[in-house]
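Heads up, the thing below is written out as structure tokens.
Residue numbers (the working numbering), protein chains in the order written: chain A, 3 to 111; chain B, 448 to 560.
Right under this line is the structure:
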């Protein structure tokens, strides 16, 4: 079974402060991890995925298989980062993408 | 060009009615999905089709019936709508399986009165 846990529902941070969204997963196979973002009243879109190892909009996420985590980090939050963030998990050859419950991030000016 | 489109964007209807939501993707993807996002923003997969074949059918009431006339379209028909069906429904597509990036439609806000 695939499971994704995002512990905090709402995260408020001041502009310029660091932000970290926690994501832990449970999966017996080789995981594919993603972060998707949904800005207000917009469609979900991919923010980043672990295999690309990119930094997108200043965000990074490192897959830690030992801790089964894929936390999302940004050193300096911006107002435009206010959005809903979903951690998601799939596996090779697996058509199922399991989403966490999401984190609502509010960046306070 | 819009990659994944859904119609209608908003749907307000009475309990007991039957309604359909259409989804089209022009990305040439093989796999399409339907997700439900509830009032708490929790996102859950409902169905997945690969090349017009149903491959995921979560524990969704059988009042919900997906139909894929071709691999670019995945429509969702809902019979006997209930209050609890009120949600935002997202269509998505990906090149292959779930390990590929999914591209989402704009969502259809369904309100059942």
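Ideal Cβ placement from N, Cα and C applies to all residues, glycine included. Given the structure is predicted, the values throughout are model-derived calculations rather than measurements.
- Using a Cβ-Cβ cut-off of 9 angstroms, residue 101/A is close to 482, 489, 490, 491, 492 of chain B, given in chain order.
- The beta carbon of residue 86/A lies closer than 6 angstroms to those of 40, 104, 106 in the same chain, with the five residues before and after it left out.
- By DSSP's assignment, residue 51/A forms a beta bridge with 36/A.
- For residue 520/B, the enclosing beta strand (DSSP E) stretches over residues 520-525.
- DSSP, read as helix, strand or coil, puts residue 82/A in helix.
- The beta-carbon separation of residue 551/B and residue 45/A, rounded to 5 angstroms, stays under the 8 angstroms limit for a contact.
- Collapsing the DSSP output to three states places residue 46/A in coil.
- Residues are counted here when their Cβ sits less than 9 angstroms from a Cβ of chain B; for the stretch 7-25 of chain A these are 11, given in chain order.
- For residue 513/B, no chain A residue has a Cβ inside 9 angstroms of its Cβ, as the nearest lies near 14 angstroms away.
- Following the DSSP letters along the chain, one finds residue 479/B inside the beta strand (DSSP E) bounded by residues 478-484.
- The C-beta of residue 506/B comes no closer than 8 angstroms to any C-beta of chain A.
- Residue 91/A is a Cβ neighbour of residue 35/A, given a cutoff of 8 angstroms.
- Apart from the 5 residues on each side of it in sequence, residue 81/A sits with its Cβ closer than 8 angstroms to the Cβ of 17, 109, 111 in its chain, given in chain order.
- Taken in chain order, the whole beta strand (DSSP E) runs of length 3 or more contained in the stretch 449-511 of chain B are 451-454, 457-460, 466-472, 478-484, 490-497, 500-504.
- Within chain B, the C-beta atoms nearer than 8 angstroms to that of residue 104/A come from 488, 489, 490, in chain order.
- Judged by DSSP secondary structure, residue 16/A falls within the beta strand (DSSP E) whose first and last residues are 12-16.
- In this structure, DSSP gives residue 517/B an extended state, which the three-state scheme calls strand.
- In the structure shown, the three-state DSSP call for residue 93/A is strand.
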